[in-house]
Amino acid sequence: MITREQIHELAEFEDQSACALSFYFQPTPPRNKAHKEEAILTKDLAREAMRQLESRSKSSGNHKDKFESARADLDRIVRLSQDLRGNGAHAKAVFACSAQNFWREYDLPAQLTGTQLLVNRHFHLKPLAQLLGVFPSLGIVLIDRHRARLFDLRLGELTEREGFFHPLTRRGRGDGFAGYDGGHAERRVADETRQHFKFVADFLKDALDKGMFEKWILGCQETHSPPQFEAQLHPYVAQKLLGKFPAEVTHISRQQILSQAERIFTEAQERRCREAVRETINQARHQARGVTGLRRVLNSLELGEVQTLLVGQSYRAQAVECSGCGHLDAHLVSFCPVCGRETREVVDVGEAILPWVIRHDIELFYVKEDPEFDKVGNIAALLRFRSEQNSNNLRSIADVPRNPSLSRRTRLVGRYRGLASG
Ligand SMILES: [Zn+2]
-9 MITREQIHEL AEFEDQSACA LSFYFQPTPP RNKAHKEEAI LTKDLAREAM
41 RQLESRSKSS GNHKDKFESA RADLDRIVRL SQDLRGNGAH AKAVFACSAQ
91 NFWREYDLPA QLTGTQLLVN RHFHLKPLAQ LLGVFPSLGI VLIDRHRARL
141 FDLRLGELTE REGFFHPLTR RGRGDGFAGY DGGHAERRVA DETRQHFKFV
191 ADFLKDALDK GMFEKWILGC QETHSPPQFE AQLHPYVAQK LLGKFPAEVT
241 HISRQQILSQ AERIFTEAQE RRCREAVRET INQARHQARG VTGLRRVLNS
291 LELGEVQTLL VGQSYRAQAV ECSGCGHLDA HLVSFCPVCG RETREVVDVG
341 EAILPWVIRH DIELFYVKED PEFDKVGNIA ALLRFRSEQN SNNLRSIADV
391 PRNPSLSRRT RLVGRYRGLA SG
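At position 165 of the sequence shown the residue is numbered 155 (this note's numbering), and the sequence of numbers has no breaks.
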């Protein structure tokens, strides 16, 4: 599993001589000659990356050492890919730059769009961003009147939290025979049930506060879903509930839990994305908390206004980036309008803004085909506030204040749940 700190580390990383390697390995199903093909593919990708490095090193003249260390990284990745053969269960991501003594490997769910190898100044984070949106950090609670179980769902892995299973005391359950003491026992059972619900509700509040997960899903018996339990939930906890599914606490299988949770999450995420698109377009129309189009979105990012960023699934656009202050500009100007230094071309601005988005904890959705969104340029942002906009307030992204509300938020990948839509 990859944590929020680790993603931030990747987003912060920069190599001036553009020798930062990102390798994403997506295994093919373990049949026929596929394994061999995986290794050949990686070799081809490494050869291609080497060729790019060579031509760049020739044109720039210096950076000979860097070039050699990038070659060593590529060799190591090719060797690693041989070992990965037949490892059908997991995908893998490697981020490397041995010139800066940097090498990180992460196992990922085998749901990448493909195997890729890229060399650039920053790490290539879009596949990771998309994956983290598909696999958020979720809590799943199964509950009935007597028992409760809690699961974590992170990057496709379902884990049960030990020590949470909460059986009602024997006394409470067993003594309810009619007649002598019957009424008393019933009251006692009701009381213990209430305490049980309260305990679970309090636990959930605590877990959300501590960032154990960011959203949760409830599994309970459909016929008598425990309204008493929901009545005990703190409003803030109730608000984080994504949905419910029918579950028998002790008998439901892991696979059932997993598929129910994924279905509920996907639906919630698609709903949220659609709402964000509508709201942003509407706000932009009224010159309020929304902007559309690359130029305005970049400007709002640099002003630190963006709360939610919406990018078309296959959006690609060019921009230039200042070699000095990092300012990104949709106009392909040769010199930075902020600091006057030379700019360089950015082939895919959607990729170039990802490190910023991650560093500033901006919610991100990749919007699937949507004609209305297409009309406004396939890129838009919902703003936290809208500052007085004028052409003099351009500034470098390095000066942008971080989102202050986030320091106490979740420390795990859950923060990036927004990074993909369904
Ligand atoms: Zn600049």
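Beta carbons: idealized from backbone N, C-alpha and C, even for Gly.
query, result
"Coil, strand or helix - N110 by DSSP", "strand"
"Sufficient close CB pairs (3 or more, under 8 Å) joining the stretch 26 to 45 to the stretch 108 to 115", "yes"
"Residue environment, D196, which counts as buried when at least 16 other CB atoms sit within 10 Å", "exposed"
"Spatial distance of I369 from A274 (CA atoms)", "12 Å"
"With 16 other Cβ atoms within 10 Å as the buried cut-off, status of Q229", "exposed"
"Residue of P17, R178 and L115 minimising C-alpha distance to A10", "L115"
"Inter-stretch contact (C-beta, 8 Å, three-pair minimum) for the stretch 322 to 338 and the stretch 247 to 258", "no"
"Close beta carbons around Q250, own chain, < 8 Å, minus the five adjacent residues each side", "I207, G209, F235 and A237"
"heavy atom of ligand 1 below 7 Å from V323 C-beta", "no"
"The stretch 306 to 323 touching the stretch 90 to 99, judged by at least three CB pairs closer than 8 Å", "no"
"Environment of P225 [buried if 16+ CB atoms lie within 10 Å]", "exposed"
"8 Å contact criterion, which L239 and R151 should meet: CB distance rounded", "A small correction: the amino acid at residue 239 is Val; Leu does not occupy that position in the sequence shown. Not confirmed; about 14 Å, so no contact."
"Where T32 falls: helix, strand or coil (DSSP)", "helix"
"Cβ contact (3+ pairs, closer than 8 Å) linking the stretch 77 to 95 and the stretch 1 to 8", "yes"
"Whether L148 touches I247 by CB criterion (8 Å)", "yes"
"Minimum C-alpha distance to L31 - residue among L232, A1, R69 and P345", "R69"
"Cα-Cα separation between L0 and V328, rounded to whole angstroms", "26 Å"
"Pair within 8 Å by beta-carbon distance, A371 and L318", "no"
"Which of helix, strand or coil DSSP assigns to F187", "helix"
"Supposed contact pair L284 and A307 - C-beta distance, whole angstroms, cut 8 Å", "6 Å"
"CB of L373 within 8 Å of CB of S290, strictly", "yes"
"Length of the line joining the Cα atoms of F413 and F13", "Within the shown structure, residues of the chain are numbered from -9 to 412, placing residue 413 beyond reach of any answer."
"Host alpha helix (DSSP H) of Q222 (start-end)", "P217 to Q222"
"DSSP three-state assignment for D5, whether helix, strand or coil", "coil"
"Whole-Å CB distance - F113 paired with F85, under 8 Å assumed", "5 Å"
"R331 CB to nearest heavy atom of ligand 1 below 7 Å", "yes"
"Same chain, Cβ closer than 8 Å to E27, five either side skipped, listed in chain order", "T18"
"Rounded straight-line distance, which links the Cα of P117 to that of V190", "36 Å"
"Contact under 8 Å by Cβ, F219 with S127", "no"
"DSSP three-state assignment for I133, whether helix, strand or coil", "strand"
"CB of V267 within 8 Å of CB of Q303, strictly", "no"
"Contact under 8 Å by Cβ, R279 with R376", "yes"
"8 Å Cβ shell around G367 - same chain, five flanking residues per side excluded", "T282, G283 and L284"
"Beta-ladder partner(s) of D97, from DSSP", "K82"
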